[in-house]
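S.K.:
Protein chains in written order, with our numbering: chain A, -19 to 347; chain B, 375 to 707.
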């Protein structure tokens, strides 16, 4: 079933949690809401679930083209997995999962045997069938998470919403559960939306990623798209580590860190200041100039543990930057702290700062 | 409580790790200091709590068992017991409902004036019971109260009658249940209720199946305390009851009447016979209270533990509650 959110706003007192947000989730899709804390991603999820009411008169929420804005959360048939699981602490695992079926009105409630079979089936699916009689406080974090998921799936939801599903787990369990959730989604194909502040999680798991900041959607796209073609500075900054340079755009060229970079897409733009972003793995390090545009720098520190070697460099201008090299390349260069190197970008992202430059100049004059 | 165990064990482990050959306890005071401290505490408890309790029973049976039972079976005594039971039977359920409603509102919702409401709930604890009684005399008295004359006109008598006793007892016992439930409900938060709603439970179903079971032990604990106070209240009831023997005397008032009285069936022995009933009630309450305290402590520990598994948080909650509970006990009779 598809979800459509149209022009939804939500304010808490004077805090604008969502500002005119619209999005569409296709049936069977797995979408990640990615953003820093306070960006409104959890609020958006809760509005979709019906746990928060959007501001009056601020748009619609449609499930499969039907407006559900007036529906109670219980009538929306959404499965919701809470960040801290919210398992019923006085009920066994079995009773937790059966809850959604047991509270149905008599006419719609399945027979006791049917409930038992369904719960047992779900317990097997989340690999916890031997835990049916335990209480939530006797389970590990990962097990609680899976019980929460089984409980949400018991009512055969049309939409599955997960709030920071792996937020409270340690790194290894996270990794395992992530892959398990992806496989589960491929099996049951329920339309799913999950909230995360972890870009790796979003990029690895989701069909599409929605990057949020300050109550607004910055970009929606496939993981590949948002990572390689970020549309705003925020998205570049948020998705992984990045080096930022202050530069200038002039006649289709960008000048930054003593080098000039061809930037044909800004050919017609007026001369202006710009932020130039280069990812650490897009910086090549050479011992001599080799014809590519490059600027000199000094190796300050080397982190060689890991699949790639990370170099902390200091440019002539005093700016610190990170470069990432494969291990073989690092060994071939025979670098050590203090080495003089030439750094040449392979790919850069340029964001002209027309409006802000004007504002900055006014501020400088005033100051 | 698990927290206190950890705290007291820690220094021992640290000091032995630091190279002390002799096993050292959590405190390093010499043996005689400990003996003196424990001795003082035991002597104090014995002198001020155990001896009076024994005295009650010794005095009660001073004139023999037949006199003891005669004093209890006296019509005025039976009437006092009946009135006390009636008062408790009316006020305890009402206080329980009020406590649940107030705790629900404070623990689960955000609204303006929440702190004012919290302070108001504590009011009966901070007001002297005699003043509480007088307040209601001022409101309901037939001769000079605000509402008294008009109520009298309709033939409703509140002061020097049973309704007055019930109303002041309500006032005095109102905070007990609410005070027990509020910290627990606040610690538990609203996530489980939200989960129930998303799973399709109605408001009632959420209350009966999720909220109530989660606070069950604290609720019972509050009810026990509330009941003990309702049966034992003297000051406030004394002001509004008028001490009419056989009609508006509750057990505590009747004890006083018997003690001060000069009739053939009065005197210390009769007074202590009735008082022994109250003493038995107090001991029963203590036993139940300890059991429920143990249960709630476990539940509070779980309240912090289950949803987000941050152990230090559950510890803090449990400690805070113990501190507050002690404060409550000082004020209760």
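Think of the CB as a built atom: it goes at the ideal place given N, C-alpha and C, for glycine as much as any other residue.
What are the residues in the segment 587 to 619 of chain B lying within 9 Å of chain A by C-beta distance?
M.R.: 587, 588, 590
S.K.: Can the beta-carbon of residue 227 (chain A) be found less than 8 Å from the beta-carbon of residue 236 (chain A)?
M.R.: To locate residue 227 (chain A), count along the first chain from 1; it is residue 247. To locate residue 236 (chain A), count along the first chain from 1; it is residue 256. Result yes, Cβ atoms of residue 227 (chain A) and residue 236 (chain A) sit closer than 8 Å.
S.K.: Pull up the DSSP beta-bridge partners for residue 166 (chain A), would you.
M.R.: Here residue 166 (chain A) corresponds to residue number 186 of the first chain, with the count starting at 1. According to DSSP, residue 166 (chain A) bridges with nothing at all.
S.K.: Under a three-way DSSP split, which group does residue 528 (chain B) fall into?
M.R.: Counting from 1 along the second chain, the entry for residue 528 (chain B) is found at position 154. In this structure, residue 528 (chain B) counts as coil in the three-state DSSP scheme.
S.K.: How would you write the range of the alpha helix (DSSP H) that residue 77 (chain A) sits in, first residue to last?
M.R.: On the first chain, position 97 is the one that residue 77 (chain A) refers to. Residues 73 to 82.
S.K.: If you reduce the DSSP assignment to three classes, tell me which class residue 223 (chain A) lands in.
M.R.: Here residue 223 (chain A) refers to the residue found at position 243 of the first chain. If DSSP states are grouped into helix, strand and coil, residue 223 (chain A) belongs with the strands.
S.K.: Nearest to residue 451 (chain B) by alpha carbon, out of B:503, B:624, B:667, B:530?
M.R.: Translated into the one-based positions of the second chain, residue 451 (chain B) becomes position 77. The option with the nearest alpha carbon to residue 451 (chain B) is B:624.
S.K.: Measure from the C-beta of residue 298 (chain A) to each C-beta in chain B and report whether the shortest distance is under 8 Å.
M.R.: Within the first chain, the letter at position 318 stands for residue 298 (chain A). Closer than 8 Å: no.
S.K.: Can you have a look at residue -6 (chain A) and say buried or exposed, based on whether 16 or more other CB atoms are within 10 angstroms of its CB?
M.R.: Residue mapping note: residue -6 (chain A) aligns to position 14 of the first chain, counting from 1. Exposed, because fewer than 16 other Cβ atoms sit within 10 Å of the Cβ of residue -6 (chain A).
S.K.: I'd like to confirm the pairing. Which residues does DSSP put opposite residue 462 (chain B) in its beta bridges?
M.R.: Along the second chain, read from residue 1 onward, the residue named residue 462 (chain B) stands at position 88. DSSP lists no beta-bridge partner residue for residue 462 (chain B).
S.K.: Between residue 635 (chain B) and residue 641 (chain B), what straight-line distance do the alpha-carbon atoms span, to the nearest angstrom?
M.R.: As a first step, residue 635 (chain B) must be located in the second chain, where it is residue number 261. As a first step, residue 641 (chain B) must be located in the second chain, where it is residue number 267. Going by the C-alpha atoms only, they are around 6 Å apart.
S.K.: When you compare the CB positions of residue 455 (chain B) and residue 614 (chain B), do they come within less than 8 Å of one another, or not?
M.R.: By one-based count along the second chain, residue 455 (chain B) stands at place 81. By one-based count along the second chain, residue 614 (chain B) stands at place 240. Contact annotation: residue 455 (chain B) and residue 614 (chain B) have beta-carbon atoms that are not nearer than 8 Å.
S.K.: Identify the contact partners of residue 579 (chain B) in chain E, using a Cβ-Cβ distance below 7 Å as the criterion.
M.R.: Here chain E cannot be found, since the structure's protein chains are A and B.
S.K.: Identify the contact partners of residue 31 (chain A) in chain B, using a Cβ-Cβ distance below 9 Å as the criterion.
M.R.: For the purposes of this step, residue 31 (chain A) is identified with residue 51 of the first chain, where counting begins at 1. Simply 568, 571, 572.
S.K.: How long is the line joining the alpha carbons of residue 607 (chain B) and residue 425 (chain B), rounded to whole angstroms?
M.R.: Along the second chain, read from residue 1 onward, the residue named residue 607 (chain B) stands at position 233. Along the second chain, read from residue 1 onward, the residue named residue 425 (chain B) stands at position 51. Going by the C-alpha atoms only, they are around 22 Å apart.
S.K.: DSSP state of residue 2 (chain A), grouped into three classes?
M.R.: By one-based count along the first chain, residue 2 (chain A) stands at place 22. Residue 2 (chain A) carries a strand assignment under DSSP once its states are collapsed to helix, strand and coil.
S.K.: Since residue 537 (chain B) is in the alpha helix (DSSP H), which residue starts that stretch and which ends it?
M.R.: In the second chain, the residue the question calls residue 537 (chain B) occupies position 163. Run containing residue 537 (chain B): 536 to 547, per the alpha helix (DSSP H) assignment.
S.K.: Please state whether DSSP places residue 314 (chain A) in a helix, a strand or coil.
M.R.: One-based indexing of the first chain puts residue 314 (chain A) at position 334. Coil, per DSSP.
S.K.: Would you mind reading off the limits of the alpha helix (DSSP H) that contains residue 277 (chain A)?
M.R.: Locating residue 277 (chain A) in the first chain gives position 297, where the first residue counts as 1. Where residue 277 (chain A) is concerned, there is no enclosing alpha helix (DSSP H), although the beta strand (DSSP E) it sits in stretches over 275 to 283.
S.K.: Based on DSSP bridge pairs, tell me the residues matched to residue 578 (chain B).
M.R.: On the second chain, position 204 is the one that residue 578 (chain B) refers to. Partner(s): none; residue 578 (chain B) has no beta bridge.
S.K.: Using the beta-carbon of each residue, which ones in chain B are nearer than 7 Å to residue 80 (chain A)?
M.R.: Within the first chain, the letter at position 100 stands for residue 80 (chain A). What residue 80 (chain A) touches in chain B: 573, 574.
S.K.: Taking residue 565 (chain B) as the query, report the chain A residues whose CB atoms sit under 7 Å from its CB, ordered along the chain.
M.R.: Taking the first residue of the second chain as position 1, residue 565 (chain B) is located at position 191. The contacting residues are 62, 64, 66.
S.K.: Is there contact here, the segment 78 to 98 of chain A with the segment 160 to 170 of chain A, by at least three beta-carbon pairs under 8 Å?
M.R.: no
S.K.: Check distances from the C-beta atoms of the segment 535 to 553 of chain B to those of chain A and list, in chain order, the residues that come in under 9 Å.
M.R.: none
S.K.: Between the alpha carbons of residue 395 (chain B) and residue 412 (chain B), how many angstroms are there, rounded?
M.R.: Taking the first residue of the second chain as position 1, residue 395 (chain B) is located at position 21. Taking the first residue of the second chain as position 1, residue 412 (chain B) is located at position 38. The predicted model places residue 395 (chain B) with a pLDDT of 49, which falls under 50 and marks its position as unreliable, so this point remains unresolved.
S.K.: Does residue 309 (chain A) come within less than 8 Å of chain B when only Cβ atoms are used?
M.R.: Taking the first chain and counting its residues from 1, the one referred to as residue 309 (chain A) is at position 329. It does not; no Cβ of chain B falls within 8 Å.
S.K.: Does the beta carbon of residue 192 (chain A) sit closer than 8 Å to a beta carbon anywhere in chain B?
M.R.: In the first chain, the residue the question calls residue 192 (chain A) occupies position 212. No - not a single Cβ of chain B is within 8 Å of the one on residue 192 (chain A).
S.K.: Considering just the uninterrupted stretch of the beta strand (DSSP E) at residue 261 (chain A), what are its terminal residues?
M.R.: Counting from 1 along the first chain, the entry for residue 261 (chain A) is found at position 281. Neither: residue 261 (chain A) is in no beta strand (DSSP E) and is coded neither H nor E.
S.K.: Please classify residue 692 (chain B): is it buried, with 16 or more other beta-carbons within 10 angstroms of its beta-carbon, or exposed?
M.R.: Within the second chain, residue 692 (chain B) is the residue found at index 318, counting from 1. Any reading at residue 692 (chain B) must be qualified, since the residue scores a pLDDT of 35, below 50, and its modelled position is unreliable; no value is offered.
S.K.: Identify the residues that DSSP records as bridge partners of residue 325 (chain A): which are they?
M.R.: For the purposes of this step, residue 325 (chain A) is taken as the residue at position 345 of the first chain. Residue pairing by DSSP places residue 325 (chain A) opposite A:263 in a beta bridge.
S.K.: Does residue 628 (chain B) pass the burial test, meaning 16 or more other C-beta atoms within 10 Å, or should it be called exposed?
M.R.: In the second chain, residue 628 (chain B) corresponds to position 254, counting from 1. With 16 or more Cβ atoms within 10 Å of its Cβ, residue 628 (chain B) is classed as buried.
S.K.: If contact is defined by three or more beta carbon pairs under 8 Å, each pair taking one atom from either stretch, is the segment 592 to 600 of chain B in contact with the segment 545 to 562 of chain B?
M.R.: yes
S.K.: Can you tell me the Cα-Cα spacing of residue 311 (chain A) and residue -18 (chain A), whole angstroms?
M.R.: As a position in the first chain, residue 311 (chain A) is number 331, starting the count at 1. As a position in the first chain, residue -18 (chain A) is number 2, starting the count at 1. In a straight line, the C-alpha of residue 311 (chain A) is about 51 Å away from that of residue -18 (chain A).
S.K.: With which residues is residue 193 (chain A) paired in a DSSP beta bridge?
M.R.: Working through the first chain from its first residue, we reach residue 193 (chain A) at position 213. DSSP lists A:196 as the bridge partner or partners of residue 193 (chain A).
S.K.: The segment 135 to 168 of chain A: which residues have C-beta closer than 8 Å to a C-beta of chain B, in chain order?
M.R.: 135, 148
S.K.: Which partner residues of residue 294 (chain A) appear in the DSSP bridge assignment?
M.R.: As a first step, residue 294 (chain A) must be located in the first chain, where it is residue number 314. Note: residue 294 (chain A) sits in a beta bridge opposite A:278, A:300.
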